[in-house]
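The block underneath contains the structure these notes are about, expressed in structure tokens.
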Amino acid sequence: MNSTPRFGRALPELPASALYTSPSLGRLWKKVHRSCSPFLKRPAVRRLYQSPAAVLRKKLSFSYSLIALGCADGAKESQLLKKLPPPTFLIAADTNLTLARRAVRHLPARKRTCREIDLSQPLPAFHLPPSTSRIFTLFGVLPNLEPLPLLRRISGIMKRGDLLLFSANLAPGKSALAGARKVLKQYDNPPTRRWLEAAIRRYRPKLPRGRLDFSVQPDPRQHSLARIEARWITGQRTWIVFSSRRPTVAQVETWISKAGLSKAARFLDPRGEEALWLVRSAKT
Ligand SMILES: C[S@@+](CC[C@H](N)C(=O)[O-])C[C@H]1O[C@@H](n2cnc3c(N)ncnc32)[C@H](O)[C@@H]1O
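The sequence shown: position 173 = 367 (the numbering used here), numbered continuously.
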């Protein structure tokens, strides 16, 4: 269970990994992804994941390694790699090893491996032959974990020349809270409820009987940041079961510089609901 927020409200919160760790939860998440994900529903979002390839081709050396963080089955990395030469080394790293193994099976690379990782903890160094440049990807994870601490952990293991390509789900429009309300239906739907209710049943210590409620809330640690939350409401208490942060472009760019990273390029979905950032370490 996660720690207490900085601003007053202190609802207990399930760790994001509790929604993904078992093979059966991975399968239920995949069903949600198939029926609701803008990546599968909208060609413009799929094209978004190929857009960085032109910039990357100029920056990467002949031999490069791809470290795919929180990659699930690697569908988004696969889209990117269609437009890049295959990496020499690939590491697929996720809390769900069944999904990461699937990524390793279908992503092209000369040498491939997968590993179980907890992105909410200090990260391993990912030692690879020094002659290769490294690109980290982080797709679809920033919404579920504390964004700034996560970017700081990744920045901490990045060396000069390494690149990080990450996605963020944005709150479209000018107001973060109103923008997040526009996309609430992508979350409050039967497949997402089935997935989250299965995670609640598996969670230990056991949660009492209750009901799921979806809403848009200010992030407890950064009030101007909108979060879509699924809360488990019981007679006595309320738990936050799932949260998805919907920042504005400006908020993401503030996290980038606070994490000691510098922006190399940004790629925005035409509807303003999703974007990718290519960043490098600001260390000299
Ligand atoms: C919303 S899914 C995104 C998957 C995929 N990258 C995509 O964009 O379709 C979040 C991914 O992060 C992984 N994940 C969640 N919490 C994690 C943690 N603490 N450490 C490592 N991986 C985690 C999940 O297993 C899942 O694969």
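Virtual Cβ for every residue (Gly too), placed ideally from N, Cα, C.
Predicted model, so just to flag it, every value in this text is computed and none were measured.
Check: Any heavy atom of ligand 1 closer than 8 Å to the CB of TYR397?
Finding: Not one heavy atom of ligand 1 falls within 8 Å of the beta-carbon of TYR397.
Next item on the list: Using the Cα positions of ARG440 and VAL446, report the straight-line distance between them to the nearest angstrom.
Entry: Taking the straight line from one Cα to the other gives about 10 Å.
Notebook entry, point to check: Between which two residues does the beta strand (DSSP E) harbouring LEU332 extend?
Noted result: Looking at the DSSP string, the run of the beta strand (DSSP E) that includes LEU332 is 327–332.
Check: Hey, THR282 and ALA303 are a contact pair by Cβ (cut 8 Å); roughly how many whole angstroms apart?
Finding: About 7 Å separates the two Cβ atoms, so the contact holds.
Item checked: Nearest to LEU322 (by Cα), restricted to the options GLN315, ILE351, VAL335, LYS270 -> The closest CA to that of LEU322, considering only GLN315, ILE351, VAL335, LYS270, is found on ILE351.
Next item on the list: Would you kindly work out how many angstroms separate the C-alpha atoms of PRO209 and LYS276, rounded to a whole number?
Entry: Straight across, the Cα-Cα distance linking PRO209 with LYS276 is about 33 Å.
Check: Alpha carbon to alpha carbon, how far is ARG403 from ARG251?
Finding: When the Cα atoms are used, ARG403 and ARG251 turn out to be separated by approximately 52 Å.
Checklist line | Host alpha helix (DSSP H) of CYS230 (start-end) | finding: Unbroken alpha helix (DSSP H) run through CYS230: 217–230.
Next item on the list: Could you tell me which residues DSSP pairs with PHE360 in its beta bridges?
Entry: According to DSSP, which records beta bridges pairwise, PHE360 is partnered with LEU332, TRP471.
Next item on the list: Answer yes or no: the CB of ASP312 versus the heavy atoms of ligand 1, is any distance below 8 Å?
Entry: Checking the Cβ of ASP312 against ligand 1 gives yes.
Check: Can SER437 and PRO337 be called in contact, C-beta distance under 9 Å?
Finding: Cβ distance < 9 Å, so SER437 and PRO337 count as in contact.
Checklist line | PHE256, DSSP secondary structure in three states | finding: If DSSP states are grouped into helix, strand and coil, PHE256 belongs with coil.
Note to self: In the DSSP output, what is GLU310 paired with across the bridge?
What the structure shows: Under DSSP, the beta-bridge partners assigned to GLU310 are ASP288.
Next item on the list: Would you kindly report the start and end of the unbroken alpha helix (DSSP H) that includes THR448?
Entry: Residues 443–452.
Margin query: What does DSSP give as the partner residue(s) for GLN416 in the beta ladder?
Written below: DSSP lists ASP413 as partners of GLN416.
Checklist line | Exposure label - GLU207; buried when at least 16 CB within 10 Å | finding: Residue environment for GLU207: buried (at least 16 other C-beta atoms within 10 angstroms of its C-beta).
Notebook entry, point to check: Just checking my contact of VAL226 with THR386 at CB under 8 Å: how many whole Å lie between their CB atoms?
Noted result: Indeed, because the Cβ distance is near 5 Å, the residues count as touching under 8 Å.
Notebook entry, point to check: If you drop the 5 nearest sequence neighbours on each side, which residues of the same chain put their C-beta closer than 6 Å to that of VAL335?
Noted result: Cβ neighbours of VAL335 beyond the five flanking positions: GLY264.
Item checked: Alpha-carbon to alpha-carbon, THR289 and THR215 -> Going from the Cα of THR215 to the Cα of THR289 covers about 6 Å.
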